[in-house]
Amino acid sequence: MKMELPILSVRPNADARSARSPHAHTHPHAEPPLRRAPSHIRHLIDSFSRPIRDLRISITDRCNFRCVYCMEPDARFLPHAELLSPAHFARLAKICTSLGIRKIRLTGGEPTLRPDLPEIIRLIRDLAKPDEIALTTNGSLCTDQSLLTWKAAGLSRLTFSLDAVDQSLFTSTTRSNSSAAEVIAAIRRAQSAGFSTIKLNAVIVRGLNDSQILPLAQLALDLNIAVRYIEYMPLDEAHAWNRDKLVPAHEILSTIQSRHPLTPIPSPDPSSTSENFLFSNPSTHAPSASVGVIAPVTRSFCNRCSRLRITAEGKVRPCLFSINEWSLRDLLLNHAESPDSDALIAQRLIDICWSKQAGHTINADSFQQPARPMSAIGG
Ligand code: SAM
Ligand code: SF4
31 MKMELPILSV
41 RPNADARSAR
51 SPHAHTHPHA
61 EPPLRRAPSH
71 IRHLIDSFSR
81 PIRDLRISIT
91 DRCNFRCVYC
101 MEPDARFLPH
111 AELLSPAHFA
121 RLAKICTSLG
131 IRKIRLTGGE
141 PTLRPDLPEI
151 IRLIRDLAKP
161 DEIALTTNGS
171 LCTDQSLLTW
181 KAAGLSRLTF
191 SLDAVDQSLF
201 TSTTRSNSSA
211 AEVIAAIRRA
221 QSAGFSTIKL
231 NAVIVRGLND
241 SQILPLAQLA
251 LDLNIAVRYI
261 EYMPLDEAHA
271 WNRDKLVPAH
281 EILSTIQSRH
291 PLTPIPSPDP
301 SSTSENFLFS
311 NPSTHAPSAS
321 VGVIAPVTRS
331 FCNRCSRLRI
341 TAEGKVRPCL
351 FSINEWSLRD
361 LLLNHAESPD
371 SDALIAQRLI
381 DICWSKQAGH
391 TINADSFQQP
401 ARPMSAIGG
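Be aware that the sequence shown starts at 31, since it is given in the numbering used here, and climbs by one per residue.
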């Protein structure tokens with residue numbers, strides 16, 4: 031794939047200059063009616079008996095990268111004034127944990143662009159008290175100081191994204207002026223800051239970065255971390271996804287196994303999205319290195335989905351591929367925190383989960399890509 035697009039700055043304020051529309055990615059449809067959950071349901075569960083335990087909150091739709099499989103160079107963003115505040119996120123998180131959410135992941139866009147990220151983490155920890163607060167980041171803005179601040183605020187786990195070790199492929203994939211070396215240095219800093227279970231995500235796109243499967247496996251060994259390869263999904267802003275660009279999980283695994291024999295790791299978590307493997311012959315300094323595949327397209331895990339997503343402006347999406355979404359903005363902004371208004375939000379969340387679809391339909395002829403790209407949903 032030939033890339034001749036401008037390289038964007040990774041400075042935190044640079045993305046703001048490209049904000050053009052006050053209503054980027056606004057959902058085009060009116061909200062459909064919600065299915066009412068039976069009155070005895072007082073926690074988050076869907077009508078297919080899947081308990082909803084994992085909440086992903088996108089805290090911004092902005093990003094300082096323009097990954098080819100995610101965001102376009104001229105992406106438009108919500109105005110800052112439309113983003114929810116730390117207090118809004120914490121209030122929602124608290125209601126969600128009272129309804130059964132155990133883990134919360136902060137994502138985006140690039141969540142580290144928000145200067146109030148420490149406050150978001152701290153308020154969620156103190157008010158919602160989830161078992162775990164995780165963050166997904168492109169790693170470009172992770173200084174020693176910021177890592178320590180997030181950890182002190184209550185961040186439990188970090189996932190980095192890195193799709194190429196080779197610098198020219200890193201540049202053509204991310205269309206940023208950051209570097210693979212910077213992201214790798216950020217991972218090492220996170221290890222020094224005491225983050226123990228660091229994961230690294232890599233989206234593999236045929237003809238773009240599929241040559242990086244083995245170098246990324248080597249990186250797992252070098253850094254003693256888990257690398258997870260993600261199948262490219264039709265959630266790119268360009269709507270350029272097609273099956274020819276998909277590198278299926280079986281091909282990723284056989285490429286790794288051509289160099290490194292692998293041993294499957296049984297998953298203790300029934301809702302896990304990844305199939306994970308230890309290196310059968312790891313070097314002694316890399317006992318925790320592993321690889322995994324997340325294969326939503328060729329090995330769908332919808333039947334064990336436990337996730338719910340809230341966007342940066344307060345829309346709730348029961349599925350990554352939801353065509354429908356429902357807003358909590360009015361209840362959040364126009365009804366001050368009180369037992370009554372929290373009960374209204376809780377009931378709406380229960381009904382939204384009850385309305386969750388069975389799964390994605392990527393492999394059906396009738397598949398319709400959602401209007402929102404991954405960057406505005408929160409991966
Ligand atoms: N900016 C942060 C980052 O890149 O880690 C967090 C947000 S990003 C949307 C979250 C994850 O979604 C990243 O691991 C990214 O690689 C993944 N992602 C984005 N677009 C995707 C696509 N079309 N298919 C599969 N994964 C995608
Ligand atoms: Fe930004 Fe993450 Fe999307 Fe890349 S994948 S453009 S880093 S939000």
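Ideal Cβ positions, reconstructed from N, Cα and C, are used throughout, including at glycine.
This one's a predicted model, so the numbers in the text were calculated from it and none came from an experiment.
query, result
"Alpha carbon of S301 to alpha carbon of T314, nearest angstrom", "31 Å"
"Beta-carbon proximity list for R144, same chain, < 6 Å, skipping 5 on both sides", "I89 and T90"
"Proximity of A120 and I154 at Cβ, strictly below 7 Å", "yes"
"Continuous beta strand (DSSP E) stretch holding N231: start and end", "K229 to I234"
"Proximity to S186 [Cα-Cα], best of L177, S310 and D193", "L177"
"Nearest neighbour of L230, chosen from V195, E355 and G237 [CA to CA]", "V195"
"Beta bridge counterpart(s) of D84 as assigned by DSSP", "K133 and R337"
"C100 CB to nearest heavy atom of the ligand SAM below 6 Å", "yes"
"V98 in three-state terms, based on DSSP", "coil"
"Any 3 or more C-beta pairs closer than 8 Å across the stretch 60 to 80 and the stretch 236 to 249", "no"
"Collapsed DSSP secondary structure at F331 in the structure displayed", "coil"
"S352 to L251 span [Cα, whole Å]", "37 Å"
"Neighbour-count burial assignment, T293, 16 or more Cβ in a 10 Å radius", "exposed"
"Three-state secondary structure (DSSP) of S39", "With a pLDDT of only 39 at S39, under the threshold of 50, the placement of this residue in the model should not be trusted, and no figure is reported."
"Any non-hydrogen atom of the ligand SF4 closer than 6 Å to F200 Cβ", "no"
"Identity of the residues DSSP links to G322 by a beta bridge", "R258 and N306"
"Contact check, E355 vs M101, beta carbons under 7 Å", "no"
"Cβ-heavy atom distance, F95 to the ligand SF4, below 6 Å", "yes"
"Sub-7 Å separation of N168 and S191 beta-carbons", "yes"
"Where V195 falls: helix, strand or coil (DSSP)", "coil"
"First and last residue of the uninterrupted beta strand (DSSP E) at P294", "L292 to I295"
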